[in-house]
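Per the numbering used here, residue 103 is the first one in the sequence shown, and the count goes up by one each step. Glycine included, C-beta positions come from ideal geometry on N, C-alpha and C.
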Amino acid sequence: MEVAAMEFIDLSEKWGIAITGGIASGKSTIAESLRQRGFVVIDADQASRLVVLPGTEGFKEVVSTFGQDILTPSGEMDRAKMREIVFQSPEKRLVLEKIIHHRLASVSEDILRRENLFDHPKVWFYEASLIYERNRSSDFARVWVAYCPRDVQIERVMARDKIDEQAAEAILRAQMSPDEKA
């Protein structure tokens, strides 16, 4: 008698570990260290880029919602312009998150299937900033919270994204504090 493969929610709740934290808090460093040790790590930021690639339903919905002004001359989404829009308006940020986040489960499931984790479950990781904000903590066996001091976060995000301090502060204000996540 053959045992049926695990369902996605079972695989997540029993074997998945979420890595969360604010922007530039060290999530990606932790995730890369785990990848180097052979663990499967799903990067929600990378997955979210996949669901809004030109031609996808996610892309069409984002353009329909936010207008043609968010596109580059080559027809791709201008991520810097979108970041500016959503971090200045909590309402618009929630709209974008709704468009993207309900599509992420499908991408995650595809990755886990490709890694054969449904048939041979083992610990895997999901790196995402919005675990608590999206009420997803109960979807995982454990949640790890990456932390670094706020001034370090601001310096890192300014250097990485080439933005000024005011823009970095706006991004951090839009996110749940590390104390709330811990």
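Asked	Found
Close Cβ partners of Val245 (< 7 Å) along its chain, the five nearest in sequence each way excluded	Ala120, Thr122, Ile233, Ser239
Rounded straight-line distance, which links the Cα of Phe110 to that of Ser231	21 Å
Beta-carbon contacts of Leu198 that lie in its chain and below 6 Å, excluding the five residues immediately before and after	Val188
Meets three-Cβ-pair contact criterion under 8 Å: the stretch 252-262 and the stretch 124-140	yes
Nearest-angstrom Cα separation, counted from Gly169 out to Arg222	Checking the displayed sequence, the identity of residue 222 turns out to be His instead of Arg. The straight-line gap from Cα to Cα measures roughly 44 Å.
Residue range of the alpha helix (DSSP H) that includes Val321	The requested residue 321 is not part of the displayed model; the chain covers only 103 to 284.
Rounded separation between Gly140 and Ile265 - CA only	34 Å
Distance between Lys116 and Ser176 (C-alpha atoms, nearest Å)	43 Å
Anticipated Cβ contact below 8 Å, Glu217 with Val142, distance rounded	5 Å
Straight-line Cα distance separating Asp253 from Ser210	32 Å
Whole-number beta carbon distance between Val153 and Ile202, since they are thought to touch under 8 Å	6 Å
Tyr86 - partner residues in DSSP beta bridges	Residue 86 is absent from the model: the chain starts at 103 and stops at 284.
Residue from Arg151, Lys200, Ala207, Glu163 whose Cα sits closest to the Cα of Arg181	Arg151
Whether Leu136 touches Leu219 by CB criterion (8 Å)	no
Proximity of Met184 and Glu235 at Cβ, strictly below 8 Å	no
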